[in-house]
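Novice: Residue numbers (this note's numbering), protein chains in the order written: chain Y, 69 to 382; chain E, 69 to 382; chain F, 13 to 318; chain D, 13 to 318. Just so it is clear, CB atoms sit at the ideal spot from N, CA and C, and this is done for glycine as well.
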Amino acid sequence: MSIQITRAGKNPLQVDSPVMPAAGTMGFGDAYSGLVKFEKLGAFVTNPVTYTPWNPASGARVVPLDSGMLIHTGLPNPGISKVMSKYRDLWDNFAMPVIVHVVGTSPEHVRKCASRIDAEHAVDALELGLNDDIPWAEAEQMVRGAVGNTDKPVLVRVPFTDALALAETADHAGAGAVVVCAPPRGSARDPHSGRMVTGRIYGPMVKAMVLRLVEQLAGKLEAPIIGSGGIHSEQDARDYIDAGARAVQVDTLTWIQPFMLERIARDLGGLVLTRPAGALADEWFPGMGETAKKARDAAKNKDAGQNPASKKSG
Amino acid sequence: MSIQITRAGKNPLQVDSPVMPAAGTMGFGDAYSGLVKFEKLGAFVTNPVTYTPWNPASGARVVPLDSGMLIHTGLPNPGISKVMSKYRDLWDNFAMPVIVHVVGTSPEHVRKCASRIDAEHAVDALELGLNDDIPWAEAEQMVRGAVGNTDKPVLVRVPFTDALALAETADHAGAGAVVVCAPPRGSARDPHSGRMVTGRIYGPMVKAMVLRLVEQLAGKLEAPIIGSGGIHSEQDARDYIDAGARAVQVDTLTWIQPFMLERIARDLGGLVLTRPAGALADEWFPGMGETAKKARDAAKNKDAGQNPASKKSG
Amino acid sequence: MLLAALPDTEALIVPAEATDQHQTTERQRHGRPNVCTMGAYAFQGHRGAPMRETQANIERVTRLNAHIQRLHLSIEDSLNTIKPGQTVLARRFYGSQPEQWQPYLREHWWPVAVTAKPGHPSEMTVDRPTYPSYDPGQQYTLLGPVGKPFAYKRTIRQVLMIAHDTMPSPLLMSTEWLLSNKVNTTLVLSGKAVDYPVSELPKELEVIRSDDKLQWPNRVMTVGWADQVFVAVGQDDEMGRFKEVLELFKALRAEVPKQYIFGVSQLIQPCGVGACQACTISLQGGDYALACLDGPALDLTALHLP
Amino acid sequence: MLLAALPDTEALIVPAEATDQHQTTERQRHGRPNVCTMGAYAFQGHRGAPMRETQANIERVTRLNAHIQRLHLSIEDSLNTIKPGQTVLARRFYGSQPEQWQPYLREHWWPVAVTAKPGHPSEMTVDRPTYPSYDPGQQYTLLGPVGKPFAYKRTIRQVLMIAHDTMPSPLLMSTEWLLSNKVNTTLVLSGKAVDYPVSELPKELEVIRSDDKLQWPNRVMTVGWADQVFVAVGQDDEMGRFKEVLELFKALRAEVPKQYIFGVSQLIQPCGVGACQACTISLQGGDYALACLDGPALDLTALHLP
Ligand SMILES: Cc1cc2nc3c(=O)[nH]c(=O)nc-3n(C[C@H](O)[C@H](O)[C@H](O)COP(=O)(O)OP(=O)(O)OC[C@H]3O[C@@H](n4cnc5c(N)ncnc54)[C@H](O)[C@@H]3O)c2cc1C
Ligand SMILES: Cc1cc2nc3c(=O)[nH]c(=O)nc-3n(C[C@H](O)[C@H](O)[C@H](O)COP(=O)(O)OP(=O)(O)OC[C@H]3O[C@@H](n4cnc5c(N)ncnc54)[C@H](O)[C@@H]3O)c2cc1C
Ligand SMILES: Cc1cc2nc3c(=O)[nH]c(=O)nc-3n(C[C@H](O)[C@H](O)[C@H](O)COP(=O)(O)O)c2cc1C
Ligand SMILES: Cc1cc2nc3c(=O)[nH]c(=O)nc-3n(C[C@H](O)[C@H](O)[C@H](O)COP(=O)(O)O)c2cc1C
Ligand code: FES
Ligand code: FES
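1) To be precise: take each residue of the segment 254–272 of chain E, compare its Cβ to all Cβ atoms of chain Y, and keep it if any distance is under 8 Å. Which residues remain?
2) In terms of alpha-carbon separation, which member of PRO203(E), GLU176(E), LYS180(E), ARG156(E) lies closest to ASP192(E)?
3) Taking buried to mean at least 16 other C-beta atoms within 10 Å of its own C-beta, is HIS189(E) buried or exposed?
4) Distance check for PRO252(E) and VAL278(Y), CA to CA, integer angstroms please.
5) Count the CB pairs spanning the segment 309–326 of chain E and the segment 254–264 of chain E that are closer than 8 Å, and state whether there are at least three.
6) Taking the alpha carbon of ARG72(D) as the point to measure from, which residue in VAL100(D), PRO148(D), PHE254(D), VAL210(D) has its own alpha carbon closest?
7) Ligand 5 and GLN281(F): does any heavy atom of the ligand fall closer than 7 Å to the residue's C-beta?
8) Buried or exposed for GLN296(D), please, with buried defined as at least 16 other CB atoms from any protein chain shown within 10 angstroms of its CB.
9) Anything in chain F within Cβ reach of ALA141(D), meaning under 9 Å, just list it in chain order.
10) For MET233(D), does the count of other Cβ atoms within 10 angstroms reach 16, so buried, or fall short, so exposed?
11) Could you tell me which of TYR308(E), ILE309(E), ASP307(E), HIS300(E) sits nearest to GLU330(E), measuring between CA atoms?
12) Please classify ALA303(D): does DSSP put it in a helix, a strand, or coil?
13) Taking the straight line between their C-alpha atoms, what separation do you get for ASP89(F) and MET185(D)?
14) Looking only at its chain, what residues have a beta carbon closer than 6 Å to the beta carbon of ILE71(E), apart from the 5 residues adjacent to it on each side?
15) At a Cβ cut of 8 Å, what residues of the segment 82–114 of chain F count as close to chain D, listed as they run along the chain?
16) To the nearest angstrom, how far is it from the Cα of VAL178(E) to the Cα of VAL170(E)?
17) Any heavy atom of ligand 5 within a distance shorter than 7 Å of the CB on LEU302(F)?
18) Helix, strand or coil for PRO141(F), going by three-state DSSP, please let me know.
19) Could you have a look at HIS132(F) and say whether DSSP puts it in helix, strand or coil?
20) So what's LYS165(D) in DSSP terms, helix, strand or just coil?
21) Does the beta-carbon of SER149(Y), which I'm using as the reference point, lie nearer than 7 Å to any heavy atom of ligand 7?
22) Would you list, in sequence order, the uninterrupted alpha helix (DSSP H) runs of no fewer than 4 residues that lie entirely inside the segment 229–317 of chain E?
23) Does the Cβ of GLY284(F) lie closer than 7 Å to at least one heavy atom of ligand 5?
24) Could you tell me whether the Cβ atoms of ALA111(E) and MET164(E) are closer together than 8 Å?
25) Might you give, ordered along the chain, the residues of its own chain that have their beta carbon closer than 8 Å to the beta carbon of GLY373(Y), omitting 5 neighbours on each side?
26) Can at least three beta-carbon pairs, one atom from the segment 262–282 of chain F and one from the segment 220–228 of chain F, be found at a separation below 8 Å?
27) Classify THR218(E) as buried or exposed, calling it buried when 16 or more other Cβ atoms lie within 10 Å of its own Cβ.
28) With 16 other CB atoms within 10 Å as the buried threshold, where does PHE162(E) fall?
29) Tell me the DSSP secondary structure of HIS177(E) in three-state form.
30) Given the structure, does CYS291(F) come close to ligand 6, in the sense that its CB is under 7 Å from one of the ligand's heavy atoms?
31) Between PRO124(E) and GLY142(E), is the Cβ-Cβ spacing less than 8 Å?
32) Please determine if the segment 68–82 of chain F and the segment 156–176 of chain F are in contact, where contact requires at least 3 C-beta pairs separated by less than 8 Å.
33) Measuring only from the beta carbon, is CYS288(D) closer than 7 Å to any heavy atom that is part of ligand 6?
34) From which residue to which residue does the beta strand (DSSP E) around ARG103(D) run?
35) Is any beta-carbon of chain F found at less than 8 Å from that of MET94(Y)?
36) Below 8 Å on the Cβ atoms is my contact criterion, and I expect GLY216(E) with GLY77(E) to pass it. Report the Cβ-Cβ distance as a whole number of Å.
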């Protein structure tokens with residue numbers, strides 16, 4: 069009834085729908101509460117957090133591009149402790165797993181964040197974001213640090229630059245899943261001020277580039293692949309699954325058409341689960357929703373024999 | 069009066085305008101003859117050639133994308149010998165230098181192509197295209213092979229994947245200039261047949277990604293950088309120059325708006341040459357056209373003391 | 013990072029039904045405190061109606077001058093409780109045609125007027141630049157209301173609105189509301205704003221044309237009289253211009269108290285709901301506000317200006 | 013890679029002025045032989061007027077059925093010498109507004125009719141799918157003429173046109189020309205083409221509606237009578253469908269000679285001038301043609317079909 073999106077281990081992550089938001093696109097859980105039905109998502113991935121607080125970038129932060137945009141925020145956040153204490157209760161009430169995205173600042177900070185997440189009942193997994201020009205050795209050290217400091221699955225989101233090599237590095241270092249990939253970076257001129265801004269690039273065209281990376285990686289990793297980049301339709305999401313991804317992350321589409329996230333989650337929830345029985349792709353998986361979630365939680369509690377007072381099984 | 073776009077050496081390449089077409093966008097010199105004023109271009113870069121003939125790719129070859137396209141041709145060409153014998157006379161009559169793009173198939177074939185070009189009076193330089201997932205060592209071997217087999221400048225066009233490392237590799241191996249970069253590759257579904265096509269991606273958004281690569285490489289290479297990717301306006305081209313490129317290559321814009329190539333060449337011809345004197349960016353360089361070309365050829369013949377019967381000085 | 017310096021919200025009023033019982037905010041519905049934007053400063057306590065996605069139809073397009081066109085839209089009734097100062101994020105609706113991703117971001121629309129008409133669809137007018145082109149019959153989806161209504165002192169009698177190198181549209185719905193509530197209102201048009209057609213402005217509004225440097229006759233008097241000031245500026249450097257204006261007021265007045273002068277931020281809002289963090293505005297003391305949740309009107313004395 | 017199997021071009025005629033002295037081709041102007049596409053096969057010797065970029069204006073848009081709209085354009089006179097079979101690559105002209113890059117590629121327009129009107133702008137009509145939408149007053153730039161006119165045997169009396177799972181538009185301008193030159197012409201509409209409104213077709217044209225499998229009454233007779241056949245097919249698999257049609261003709265006729273049956277290629281043309289190599293069509297013997305230079309009509313017996 070559920071899809072396992074991280075490799076086998078102590079606490080593999082199970083989801084009802086292989087669709088979740090990409091880190092940085094839906095805030096910490098309260099932003100889209102009136103616009104997106106959260107319970108239809110396979111998982112919730114938070115905005116990036118760092119061990120210490122980070123301030124916003126100064127100057128222009130958004131450059132509209134043709135069929136896309138460039139954004140440069142500097143990933144402002146008040147640090148992992150404040151985030152936890154503020155959102156713990158909200159996350160505890162979510163029907164789906166919560167994955168906290170941790171920015172790969174330094175191996176030490178990543179280890180500390182992992183320990184923090186390990187102790188946090190409201191959080192089901194950690195997603196580690198690797199910086200764009202990170203050397204392989206440092207990436208490996210960071211992933212091992214995260215994996216070594218929590219029993220929860222560690223998803224690793226590799227940057228677009230050098231994605232293939234870093235995906236293999238993360239896989240060898242024990243990543244529970246490899247998210248392919250963070251948005252490509254670029255530079256564009258703010259049309260208002262004429263100043264050059266460097267930041268992340270989003271748009272439907274990104275999908276074509278990242279889909280090829282997933283095709284190239286398919287079958288090469290032990291950890292499941294989560295496809296992430298430029299999904300703007302149900303078919304875009306299915307293309308990632310067809311190419312070998314176990315799940316997908318939807319990024320800026322949610323800003324432009326919030327309801328599409330739910331539509332894609334519903335669509336792929338049905339598609340993936342009914343396909344093995346030879347059903348049509350648009351047929352719906354009838355168990356989706358609370359029922360499957362409860363069954364999953366019950367199974368998890370029984371199997372793992374831990375977290376007896378599971379937050380979500382009540 | 070002219071801009072040197074390859075590093076100092078026996079036959080540095082001088083151009084009147086730092087603007088040329090990207091390989092693969094203008095054919096071999098006859099395709100746009102009625103639509104683009106060739107004499108306004110800084111140089112002419114041919115479609116890719118291989119040592120042996122290559123057949124076209126089969127199946128769908130063009131996928132329209134949002135504000136862009138994906139194209140997969142397989143770089144069909146009848147091999148370097150046929151191309152030379154067919155276009156030699158046409159190129160000899162061109163006012164600007166001719167750069168033949170050689171596909172980096174194998175070190176041996178690249179060496180042979182370089183020798184062929186070295187002996188060809190109608191050709192002024194070779195541009196070597198490195199394959200998308202080429203290992204560094206093979207790239208170095210190929211560049212050395214090309215440089216070692218011709219006295220003419222060897223420009224090296226690095227792929228988008230791993231562009232930074234391959235640019236430094238090419239630079240160390242003696243590239244006369246580094247073209248940053250070939251279009252990124254991706255996969256998209258042919259809307260007619262539903263089949264997945266893998267190919268090159270073009271569109272204005274590519275510029276933001278490649279511009280950042282040029283920014284990252286600026287000042288790090290001995291060889292001049294030629295910026296190439298997604299130029300769709302005069303400002304796009306200027307952004308590359310501002311970021312540190314010595315010249316630019318315009319790609320698919322020529323297919324969409326043929327006259328824009330000439331406009332950009334005129335604009336940057338004026339910009340780059342009049343700026344040092346503090347003139348306005350849109351002022352025109354008065355010597356542009358035949359006069360400067362003749363002076364350049366004359367200087368080249370005198371200085372180098374070779375090619376006494378220069379094809380273009382008459 | 014502290015949520016310090018919270019203004020005395022009790023002393024402020026927001027227009028119309030914003031304090032009504034049924035105007036439950038998103039935040040309230042989650043049973044969580046109002047100050048919940050991650051690390052963000054809450055300027056006022058009320059956001060008005062919860063954000064929804066609704067549809068709108070362009071009924072008429074009129075050209076105001078060479079640079080401005082006015083869209084007359086029919087909107088869903090649920091949006092007609094939008095308050096002066098709040099905005100919508102608009103996107104063309106393509107129906108059964110393939111979705112277009114150019115332009116990509118939603119357009120930020122500032123209503124100039126919203127009218128409920130019993131038995132008819134509610135109406136909204138917005139001013140837009142003449143590019144892109146809009147045609148009657150086109151459908152849009154609107155995300156809104158975005159942001160908080162402007163908040164006024166209870167004792168307010170004189171309001172000064174300033175549009176400096178920008179269309180005055182972000183100020184007009186509030187101006188209309190103030191005038192209808194018998195608050196004397198003055199609009200200063202400066203720089204690119206001077207061409208705005210006065211014929212489209214309410215008769216009771218005092219309009220002053222300033223030069224490019226925000227100089228106008230009797231400036232000291234105008235500034236002295238104002239109980240509150242709302243300023244919209246050009247987008248080349250919003251914070252730098254806010255700073256200029258604040259310094260001008262500091263030079264013209266004995267003191268510039270809190271809750272006196274507000275910058276109306278027109279920063280691009282990719283999401284409008286506090287998710288993307290692209291509309292952050294740094295505050296004094298290291299905290300920050302989000303223009304989409306805490307704005308668009310932000311107390312200039314609380315901002316960390318360059 | 014040899015330029016072998018060149019057809020006997022002498023036996024073919026192309027409509028109207030294509031052989032006039034002033035119709036110098038691009039290739040001729042460069043003093044180079046006509047067969048100069050890199051590695052490409054030249055089907056006919058003449059291309060008509062040299063390719064130019066010109067402007068056009070949408071004057072009227074009419075809806076032919078749920079799927080097809082007809083654009084009536086005023087064009088520059090230099091384009092009114094375009095020949096039946098030739099096409100244009102069209103792009104919206106944005107004037108002083110920022111250039112739009114969506115859609116990116118130029119649209120491939122197949123003229124249905126072109127008329128010169130002394131004292132008035134020349135007119136062109138084209139059929140387009142109902143998406144995207146076109147409006148009167150919109151300006152376009154046209155690159156054209158693209159490709160070569162259809163070439164007919166000198167002795168031609170009966171032509172068969174087949175539109176199979178595609179709009180018949182690529183065949184209509186030629187049909188008109190043939191009928192006006194007293195050549196009996198039959199148009200077979202099959203699959204998606206059957207809905208094409210007959211009211212828009214010339215009265216003298218014999219129209220046959222076939223089923224999805226290209227079966228129609230008296231098929232053997234129709235095929236036997238035809239001196240030449242031109243076929244346009246759906247774009248899901250153009251070459252596969254050309255092969256099906258060729259095999260059908262081989263089954264229905266004693267022999268299928270050269271220059272008898274032509275596939276009218278509607279492959280996407282990014283450049284239209286022989287530069288991008290995206291419209292390559294493999295020929296028997298390892299050579300290839302370019303749809304934009306050597307087409308759109310290509311002798312099916314010369315193609316390397318899958
Ligand atoms: C895109 C889509 C495709 C579906 N395809 C199938 C299918 O192939 N086979 C099948 O048995 N069931 C299908 N359904 C219905 C789905 O199975 C039921 O909505 C679901 O079983 C109810 O459980 P829930 O927990 O999701 O309920 P809720 O979360 O309460 O879901 C109900 C919500 O879904 C909406 N909804 C329900 N059905 C549809 C629908 N068909 N289209 C759009 N919105 C709908 C309702 O308006 C309501 O908002 C589909 C629903 C959607 C949205
Ligand atoms: C975009 C542009 C900007 C220019 N800016 C300047 C400038 O700042 N200062 C200056 O002294 N000269 C300017 N010129 C004119 C230019 O210097 C002359 O065209 C040139 O010197 C003539 O030499 P040529 O060999 O290029 O001639 P040709 O190639 O014969 O050039 C003549 C062609 O250019 C076109 N042309 C000429 N002038 C213009 C123009 N202003 N705009 C558009 N098309 C034109 C003509 O119609 C003709 O097609 C500009 C030209 C262009 C196209
Ligand atoms: C030391 C350091 C490490 C970073 N690591 C990451 C990372 O692992 N993942 C990530 O997404 N951003 C990381 N960033 C942030 C990026 O520099 C950048 O701010 C981020 O990709 C968001 O892009 P933007 O600021 O342009 O919006 C890091 C920044 C610093 C200073
Ligand atoms: C062995 C081999 C080497 C290649 N080397 C290059 C190269 O150096 N540069 C290049 O642009 N394409 C090269 N290609 C061609 C690419 O695979 C691809 O065909 C090309 O990038 C054009 O893309 P397209 O065929 O998708 O249009 C090479 C192909 C092969 C088979
Ligand atoms: S627009 Fe304010 S956070 Fe996204
Ligand atoms: S369209 Fe034929 S070569 Fe470009």
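Specialist: Judging by the given coordinates:
1) Interface annotation for the segment 254–272 of chain E against chain Y: GLY254, SER255, ALA256, ARG257, MET264, THR266, ILE269, GLY271, PRO272, criterion Cβ-Cβ distance under 8 Å.
2) Out of PRO203(E), GLU176(E), LYS180(E), ARG156(E), ARG156(E) has the C-alpha closest to the C-alpha of ASP192(E).
3) Exposed, since its Cβ has fewer than 16 Cβ neighbours within 10 Å.
4) When the Cα atoms are used, VAL278(Y) and PRO252(E) turn out to be separated by approximately 10 Å.
5) With the rule of 3 Cβ pairs closer than 8 Å, the segment 309–326 of chain E does not count as touching the segment 254–264 of chain E.
6) For the residues VAL100(D), PRO148(D), PHE254(D), VAL210(D), the minimum Cα distance to ARG72(D) belongs to PRO148(D).
7) Within the cutoff, so yes.
8) It counts as exposed.
9) Rather than Ala, the amino acid found at residue 141(D) in this sequence is Pro. In chain order: nothing, as chain F lies at least about 11 Å away.
10) By the 10 Å Cβ count, MET233(D) comes out exposed.
11) A check of alpha carbon separations from GLU330(E) across TYR308(E), ILE309(E), ASP307(E), HIS300(E) identifies HIS300(E) as the nearest.
12) When DSSP states are grouped into helix, strand and coil, ALA303(D) belongs to the helix group.
13) The alpha-carbon atoms of ASP89(F) and MET185(D) are separated by roughly 52 Å.
14) VAL83, PRO86, listed in sequence order.
15) Residues GLN109, PRO110, GLN112, TRP113, GLN114.
16) Straight-line Cα distance between these residues: approximately 7 Å.
17) Ligand 5 approaches LEU302(F) closely enough that one of its heavy atoms is under 7 Å from the residue's Cβ.
18) Under the three-state reduction of DSSP output, PRO141(F) falls in the strand class.
19) Assigned with DSSP and collapsed to three states, HIS132(F) falls in coil, not helix or strand.
20) LYS165(D): strand per DSSP, three-state reduction.
21) Looking for ligand 7 in the displayed structure turns up nothing; the ligands present are ligand 1, ligand 2, ligand 3, ligand 4, ligand 5 and ligand 6.
22) Annotation note: the segment 229–317 of chain E contains the following uninterrupted alpha helix (DSSP H) runs of length 4 or greater, listed N- to C-terminal: 231–240, 272–285, 302–311.
23) Because some heavy atom of ligand 5 lies under 7 Å away, the Cβ of GLY284(F) counts as near it: yes.
24) Closer than 8 Å, so yes.
25) Only weak support exists for where GLY373(Y) lies, its pLDDT of 46 falling under 50; the value from the coordinates is given anyway. Short of 8 Å from the beta carbon of GLY373(Y), and not among the five residues preceding or following it, lies no beta carbon of its own chain.
26) No contact exists between the segment 262–282 of chain F and the segment 220–228 of chain F.
27) Buried, because 16 or more other Cβ atoms sit within 10 Å of the Cβ of THR218(E).
28) Residue burial annotation: PHE162(E) is buried, with at least 16 other C-beta atoms found within 10 angstroms of its C-beta.
29) In the structure shown, HIS177(E) sits in a helix (DSSP, three-state: H, G or I).
30) No, the beta carbon of CYS291(F) sits no closer than 7 Å to any heavy atom of ligand 6.
31) For PRO124(E) and GLY142(E), yes; Cβs fall inside 8 Å.
32) The segment 156–176 of chain F and the segment 68–82 of chain F do not touch, with fewer than three beta-carbon pairs separated by less than 8 Å.
33) At a cut-off of 7 Å, the beta-carbon of CYS288(D) counts as near ligand 6: some heavy atom of the ligand is closer than that.
34) From DSSP, the beta strand (DSSP E) with ARG103(D) extends over 99–104.
35) It does; some Cβ of chain F falls within 8 Å.
36) The beta-carbon separation of GLY216(E) and GLY77(E), rounded to 13 Å, does not stay under the 8 Å limit for a contact.
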